[in-house]
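Engineer: Here the protein sequences line up with chains Z and H, keeping their order.
When we follow the numbering used here, the leftmost residue of the first sequence carries the number 1, and every step to the right adds one.
When we follow the numbering used here, the leftmost residue of the second sequence carries the number 1001, and every step to the right adds one.
Protein chains: 2
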Amino acid sequence: MRLTVEHGFDRVTIDAIAQAANISRRTFSNYFACKEDAVLHGEQLHHQGLLRALRERPDAESAWTALRSSVRGLYSSWDTQPDREWALRTRLAREHPSLMAQQLANHAAFARDLERAVAGRHNPGGVRSGLLVDVFLSALRVGLNTWIDEEETRDLLEVVEEIMDEVETPFGG
Amino acid sequence: MRLTVEHGFDRVTIDAIAQAANISRRTFSNYFACKEDAVLHGEQLHHQGLLRALRERPDAESAWTALRSSVRGLYSSWDTQPDREWALRTRLAREHPSLMAQQLANHAAFARDLERAVAGRHNPGGVRSGLLVDVFLSALRVGLNTWIDEEETRDLLEVVEEIMDEVETPFGG
DNA sequence: GGCAAAAATGCATCTCAGGCATTTTTGCAC
DNA sequence: GTGCAAAAATGCCTGAGATGCATTTTTGCC
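(1) Within this structure, are the beta carbons of M164(Z) and R55(Z) separated by less than 8 angstroms?
(2) Out of D37(Z), Y75(Z), A105(Z), which one is the CA nearest neighbour of P1097(H)?
(3) By the 9 angstroms beta-carbon criterion, what residues does the region 136 to 163 of chain Z contribute toward chain H?
(4) Please go through the same chain and pick out, in chain order, the residues whose beta-carbon is closer than 7 angstroms to the beta-carbon of V1087(H), but skip the five residues on each side of it.
(5) Does the separation of the CB atoms of L3(Z) and I17(Z) fall below 8 angstroms?
(6) So which residues on chain H does G172(Z) lean against when the C-beta distance must stay under 7 angstroms?
(7) Return the residues of the region 86 to 106 of chain Z that lie within a Cβ-Cβ distance of less than 8 angstroms from chain H, sorted by chain order.
(8) Looking only at C-alpha atoms, which of R1026(H), D1059(H), L1131(H) sits nearest to V160(Z)?
(9) Enumerated in chain order, which unbroken segments of the alpha helix (DSSP H) with a length of 4 residues or greater are wholly contained in the region 1034 to 1105 of chain H?
(10) Taking C-beta pairs closer than 9 angstroms, name the residues in chain H that R128(Z) reaches, listed in chain order.
(11) Take the Cβ of G1143(H) as the centre, count every other Cβ of all protein chains shown within 10 Å, and call the residue buried at 16 or more, exposed below.
(12) Within the same chain, show all residues whose beta-carbon is closer than 6 angstroms to that of V133(Z), passing over the 5 residues directly before and after it, in chain order.
(13) Counting only Cβ pairs nearer than 8 angstroms, list the residues of chain Z close to G1008(H).
(14) Distance, Cα to Cα, H1007(H) vs E1043(H)?
(15) With distances taken from CA atoms, which of N22(Z), A21(Z), A66(Z), R25(Z) is nearest G120(Z)?
(16) Excluding the five sequence neighbours on either side, which residues of its own chain have a C-beta within less than 8 angstroms of the C-beta of S1135(H), listed in chain order?
(17) For P103(Z), count neighbouring Cβ atoms within 10 angstroms of its own Cβ and tell me buried if that reaches 16, exposed if not.
(18) Going along chain Z in order, which residues have a C-beta closer than 8 angstroms to the C-beta of A1108(H)?
What follows is the structure, given as structure tokens:
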């Protein structure tokens, strides 16, 4: 991330990263399939955290409620805002198509995991869980982007909650 | 696409594609940045068609209605179902992470275009258009996947309309 | 037929992913 | 602490990909 800031993402070679991390080029490849994966690793951790929170929600909660509650619980458990790194990563992904592509693929994988995790929960409108999860992730993504566009002036959770409220208003008409 | 079916996506080199198309390797790169782009080109055409349809919708229609109507209009204007190629491409993208990543990046770009195209339209619940477009695309994607999972036995439009109806039921609770 | 623009090509270079064998480090029983 | 097996890290190598640049070929039009 530091090298990326200093020289730009596509001007940083894997060799340079390996060197800066005091590991061999080959070892880098043992841990990450590509540069993109390395940059987006923090996001993967976020996904894992959210999944863990979701699994701990009481079974009685509906799918949508459990998802919302997981976000609320996780984000408010942080002692500091996920400021610099998140903003940096998100901005980077906006500018670099390859990063964007990888990020979206990660999101799709995350969606599959979430879908499995909410399977079996009550689901008010009979909406299939794939759709529900997709919409949830859209809201999360739009929330993050809004937060970034506002230059991280508000609380991330606050922005996300706002978007989630919007999602709960009907789309039709 | 033919070579991919015969030998598998990742065993087809750009050289092979170029040779089969009677063009030089270099010319391939003049048209497509990578193999993935070539395979997904049909989808790009679909996006363009949908955008064109959207721009021709009457201004009085709300954003959501205009989006739904565009799909309805475009899909029912086809004389044949987009059967083989679509199913093939979608299944391929499911199996190959790099293809999936590229596809999702294309969807994101498409989302930006759609967002611009519906900007200014009436929007019932005051939902921001980014969110609206995202949800619309989720519905389209889920519809396509459902259609595939049902082995293309029904009409694609029918499946998509069904999902769109689901989206119009509230998510909250 | 001639000419300019656009398309296609060839070439060269830098980078990457990943298989395989080898070396180094780590964790643990003794 | 010593020895040993598993895990991690490394080095080397190959096939493939992206892309800049100069050159050749094709196309469209007067």
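Positions of the beta carbon are idealized from the N, C-alpha and C atoms, including for glycine.
Structural biologist: The relevant details are as follows:
(1) no
(2) A105(Z)
(3) F136, L137, S138, A139, R141, V142, N145, T146, I163
(4) Contrary to the premise, residue 1087(H) reads as Ala rather than Val in this sequence. Around A1087(H): I1148, E1152.
(5) yes
(6) W1064, E1168
(7) P97, M100, A101, Q102, L104, A105
(8) L1131(H)
(9) 1035 to 1039, 1041 to 1055, 1063 to 1077, 1083 to 1095
(10) V1142, T1146, I1163, E1166
(11) buried
(12) A111, L114, E115
(13) By Cβ distance, chain Z contributes nothing, its closest Cβ being about 19 angstroms from G1008(H), past 8 angstroms.
(14) 22 angstroms
(15) A66(Z)
(16) The question names Ser, but residue 1135(H) in the sequence shown is Val. Result list for V1135(H): V1167, in chain order.
(17) Looking at the sequence itself, residue 103(Z) is Gln, so the reference to Pro does not match. The residue is buried, with at least 16 neighbouring Cβ atoms inside 10 Å.
(18) M100, L104
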